[in-house]
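Everything on this sheet refers to the single structure shown next.
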Amino acid sequence: MFRTSSRTHDTGPAAEALRLVKVTKTYGSDDSAVAALREVTLGLGSGTFTAVMGPSGSGKTTLLHCAAGLERPDSGIVRVDGAELTGGDETALTKFRRGRIGFVFQQYNLLETLTVAQNTVLPLKLAGRRVDRRRTREVLASVGLGDRLGHRPHQLSGGQRQRVAIARALVAEPRVIFADEPTGALDMRSARGVLTLLQQTVRVHGRTVVMVTHDPVAASYADSVLFLADGRLAGRMDAPTPDAVAERLAHLGDSVAKEV
Ligand SMILES: Nc1ncnc2c1ncn2[C@@H]1O[C@H](COP(=O)(O)OP(=O)(O)OP(=O)(O)O)[C@@H](O)[C@H]1O
2 MFRTSSRTHD TGPAAEALRL VKVTKTYGSD DSAVAALREV TLGLGSGTFT AVMGPSGSGK
62 TTLLHCAAGL ERPDSGIVRV DGAELTGGDE TALTKFRRGR IGFVFQQYNL LETLTVAQNT
122 VLPLKLAGRR VDRRRTREVL ASVGLGDRLG HRPHQLSGGQ RQRVAIARAL VAEPRVIFAD
182 EPTGALDMRS ARGVLTLLQQ TVRVHGRTVV MVTHDPVAAS YADSVLFLAD GRLAGRMDAP
242 TPDAVAERLA HLGDSVAKEV
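Set out below in structure tokens:
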């Protein structure tokens with residue numbers, strides 16, 4: 002089973018939604034080994050919106066997957082909502098994920114044969130949890146899809162599909178939502194809608210959101226940005242603006258290029 006840590010060990014007054022301690026992940030072995038994450042240590046407070054940025058191959062998706070329990074680190078500790086993910090077996094991990102973690106992917110990952118409402122409640126059904134129709138309608142209305150419950154994904158725009166994916170993440174009331182390039186396939190206007198929605202899930206509903214993005218404008222919707230370079234944490238920026246983020250990214254690229 003997972004170990005549940007005592008709150009007295011947390012660093013600040015706010016409960017931590019996510020903590021990584023010296024998380025390391027290497028793919029392959031010997032000559033073909035790629036160090037995707039090298040001893041990454043970080044903590045994110047509950048009710049915060051964090052963007053993760055860095056050059057291609059810097060380890061962003063690996064970080065998200067390890068933090069969400071989709072992949073196991075080689076070493077280090079991952080704690081979500083006070084429970085250690087790195088300790089338990091697969092079944093316990095899956096159960097934990099379904100209960101406390103939500104995902105939003107770039108390509109939406111909706112099932113084409115299911116309606117909007119059916120896609121939204123799928124994680125609840127998989128977890129064997131009760132489906133409350135009124136709550137489902139409320140969640141879909143809150144993402145602007147109250148009149149689309151019976152539509153299939155192919156009848157929706159990209160922005161609307163991503164809203165379904167966000168509703169699907171929200172309906173299980175997770176503590177942390179991990180989003181991997183959620184606006185990567187969207188035009189600017191749809192992207193703004195999705196980012197505002199993610200902001201609301203934090204500000205209004207008190208969720209914690211961690212979002213990988215390449216886009217400085219998308220990152221500026223977050224409370225803070227974590228920068229990764231070459232599998233290492235390379236800085237943090239609070240109250241990010243698009244210009245400041247772009248500037249920092251440009252320099253990250255320089256320093257990585259110099260090291261190669
Ligand atoms: N399954 C895998 N097998 C082997 N190497 C992998 C695997 N997944 C990722 N890597 C390698 O680990 C490193 C980090 O990959 P990761 O996908 O986390 O980076 P990223 O920052 O998300 O990149 P991008 O912005 O291009 O999506 C890269 O060098 C990548 O090639």
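Residues in the sequence shown are numbered from 2 upward in steps of one, following the numbering used here.
All residues carry an ideal CB built from backbone N, CA and C; glycine is no exception.
Measuring alpha carbon to alpha carbon, tell me which of Gly151, Val172, Thr51 and Ala118 ends up nearest Pro241.
On the sequence shown, position 240 is the one that residue 241 refers to. Of Gly151, Val172, Thr51 and Ala118, the residue nearest in Cα terms is Thr51.
Report back the beta-carbon spacing between Val213 and Val53 to the nearest angstrom; my notes put them in contact at under 8 Å.
In the sequence shown, counting from the first residue as 1, residue 213 sits at position 212. In the sequence shown, counting from the first residue as 1, residue 53 sits at position 52. That pair is a contact at about 5 Å.
Please classify Tyr28 as buried or exposed, where buried requires at least 16 neighbouring CB atoms within 10 angstroms.
Position 27 of the sequence shown, counted from the start, is the residue given in the question as residue 28. Tyr28 should be labelled exposed.
Can you grab the Cα-Cα spacing for the pair Phe104 / Ala180, in whole Å?
Here residue 104 corresponds to residue number 103 of the sequence shown, with the count starting at 1. Here residue 180 corresponds to residue number 179 of the sequence shown, with the count starting at 1. Each residue's alpha carbon lies about 6 Å from the other.
What residues in its chain sit with their C-beta under 8 Å from that of Ala18, if we drop five residues either side in the sequence?
For the purposes of this step, residue 18 is identified with residue 17 of the sequence shown, where counting begins at 1. Answer for Ala18: Leu45, Gly46, Ser47, Gly48, Thr49, Val81, Asp82, Arg176, Val177 and Thr209, listed in chain order.
How many Å lie between Ser6 and Arg153 at the Cα?
Here residue 6 refers to the residue found at position 5 when the sequence shown is read from its first residue. Here residue 153 refers to the residue found at position 152 when the sequence shown is read from its first residue. At Ser6, the pLDDT of 44 sits below 50, so the modelled position is not reliable and the matter cannot be decided from this model.
Exposed or buried, what is Ser59 when buried is set at 16 or more other beta-carbons lying within 10 Å of its beta-carbon?
One-based indexing of the sequence shown puts residue 59 at position 58. When all chains shown are included, Ser59 counts as buried.
Within 10 Å of its beta-carbon, does Asp31 have 16 or more other beta-carbons around it, so buried, or fewer, so exposed?
Locating residue 31 in the sequence shown gives position 30, counting from the first residue. Flag for Asp31 reads exposed.
Is it buried or exposed for Asp188, if we count other Cβ within 10 angstroms and need 16 for buried?
For the purposes of this step, residue 188 is identified with residue 187 of the sequence shown, where counting begins at 1. Counting Cβ neighbours within 10 Å, Asp188 comes out exposed, since fewer than 16 surround it.
Any chance the CB of Lys126 is under 8 Å from a heavy atom of ligand 1?
On the sequence shown, residue 126 is found 125 positions in, with the first residue counted as 1. Result no, Cβ not under 8 Å from ligand 1.
How should Asn110 be labelled, buried or exposed, when 16 other C-beta atoms within 10 angstroms of its C-beta is the threshold for buried?
Along the sequence shown, read from residue 1 onward, the residue named residue 110 stands at position 109. So Asn110 ends up on the exposed side.
Measure the C-alpha to C-alpha separation of Arg135 and Leu250 and round it to an integer number of angstroms.
In the sequence shown, the residue the question calls residue 135 occupies position 134. In the sequence shown, the residue the question calls residue 250 occupies position 249. Taking the straight line joining both Cα atoms gives about 44 Å.
Near His155, which residues of its chain fall below 8 Å by C-beta distance, leaving aside the five closest residues on each side in sequence?
Sequence index remark: in the sequence shown, residue 155 carries index 154 (1-based). Closer than 8 Å at Cβ, skipping near neighbours: Glu113.
Determine the direct distance from the alpha carbon of Asp148 to that of Glu230, and round the result to whole angstroms.
Position 229 of the sequence shown, counted from the first residue, corresponds to residue 230. Position 147 of the sequence shown, counted from the first residue, corresponds to residue 148. The residue asked about is misnamed: residue 230 is Ala in this sequence, not Glu. Approximately 43 Å, taken between the alpha carbons.
Using DSSP's beta-bridge definition, name the partner residues of Ile78.
The sequence position of residue 78 within the sequence shown is 77, counting from 1. Ile78 is bridged to Val22.
Which residue's Cα is closest to the Cα of Asp90: Leu157, Ile102 and Arg73?
Translated into positions along the sequence shown, residue 90 becomes position 89. The residue with the shortest Cα to Cα distance from Asp90 is Arg73.
So, with DSSP's three-state summary, where would you put Glu260?
Looking up residue 260 in the sequence shown gives position 259. Because Glu260 carries a pLDDT of 43, less than 50, the predicted location of this residue cannot be relied on, and no value is offered for it.
Grab the span of the beta strand (DSSP E) containing Gly46 for me, first residue to last.
In the sequence shown, the residue the question calls residue 46 occupies position 45. From DSSP, the beta strand (DSSP E) with Gly46 extends over Val35 to Gly46.
Let's test the definition: count the other Cβ atoms within 10 Å of the Cβ of Ser221 and tell me whether it reaches 16, buried, or not, exposed.
As a working mapping, residue 221 is identified with position 220 in the sequence shown. Buried, since its Cβ has 16 or more Cβ neighbours within 10 Å.
Beta carbon of Arg164, beta carbon of Gly145: below 9 Å?
Here residue 164 corresponds to residue number 163 of the sequence shown, with the count starting at 1. Here residue 145 corresponds to residue number 144 of the sequence shown, with the count starting at 1. Against a cut-off of 9 Å, the Cβ pair of Gly145 and Arg164 comes out as a contact.
Per DSSP, what kind of secondary structure is Ala15 in: helix, strand or coil?
Numbered from its first residue, the sequence shown carries residue 15 at position 14. With a pLDDT of 42 at Ala15, under the threshold of 50, the modelled position of that residue is not reliable, and the figure given next carries that caveat. Ala15 falls in the coil class under three-state DSSP.
Can you check whether the CB of Thr87 is closer than 9 Å to the CB of Gly77?
Residue numbering aside, residue 77 sits at position 76 when the sequence shown is read from its first letter. Residue numbering aside, residue 87 sits at position 86 when the sequence shown is read from its first letter. Contact: yes.
Hey, out of Asp224, Leu64 and Thr92, whose CA is closest to Arg204's CA?
Taking the sequence shown and counting its residues from 1, the one referred to as residue 204 is at position 203. Considering only alpha carbons, the answer is Asp224.
Would you kindly report the start and end of the unbroken beta strand (DSSP E) that includes Gly103?
Counted from its first residue, the sequence shown places residue 103 at position 102. Its beta strand (DSSP E) spans residues Ile102 to Phe106.
Check each candidate in Arg138, Ala192, Val79 and Ile102 and name the one with the smallest Cα separation from Gln119.
Taking the first residue of the sequence shown as 1, we reach residue 119 at position 118. Comparing Cα-Cα distances from Gln119 to each of Arg138, Ala192, Val79 and Ile102, the minimum goes to Arg138.
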